[in-house]
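Be aware that the sequence shown starts at 1, since it is given in the UniProt record's numbering, and climbs by one per residue. Notes follow the structure.
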Amino acid sequence: MKLAKEIARRRTFAIISHPDAGKTTLTEKLLLFGGAIHMAGAVKSNKILKSATS
Numbered sequence: 001m002k003l004a005k006e007i008a009r010r011r012t013f014a015i016i017s018h019p020d021a022g023k024t025t026l027t028e029k030l031l032l033f034g035g036a037i038h039m040a041g042a043v044k045s046n047k048i049l050k051s052a053t054s
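Next comes the structure, spelled out in structure tokens:
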């Protein structure tokens with residue numbers, strides 16, 4: 001693909017929200033349904049320990 005065509009094809013956006021609002025979950029679902037990834041992970045949170053797994 002030519003560089004100019006590739007640049008025109010791409011889109012950049014930001015996901016901004018409060019902590020624990022689901023940014024990672026939303027991002028993974030967008031990537032999953034868009035075909036960029038094949039399996040979405042899980043995000044687990046509690047008051048002391050926060051972690052994301054793939």
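Just so it is clear, CB atoms sit at the ideal spot from N, CA and C, and this is done for glycine as well. The structure displayed is predicted, hence computed values, not measured ones.
Subject >> Status (buried if at least 16 other CB within 10 Å, exposed otherwise) for E6 >> reply: exposed
Original post:
Using the C-alpha atoms, what's the distance from H38 back to K2?
Top reply: 26 Å
Original post:
Is the Cβ-Cβ distance between A40 and L32 less than 8 Å?
Top reply: yes
**OP:** Given a cut-off of 8 Å, decide if T27 and I15 are closer than it, judged by their beta-carbon atoms.
**Re:** yes
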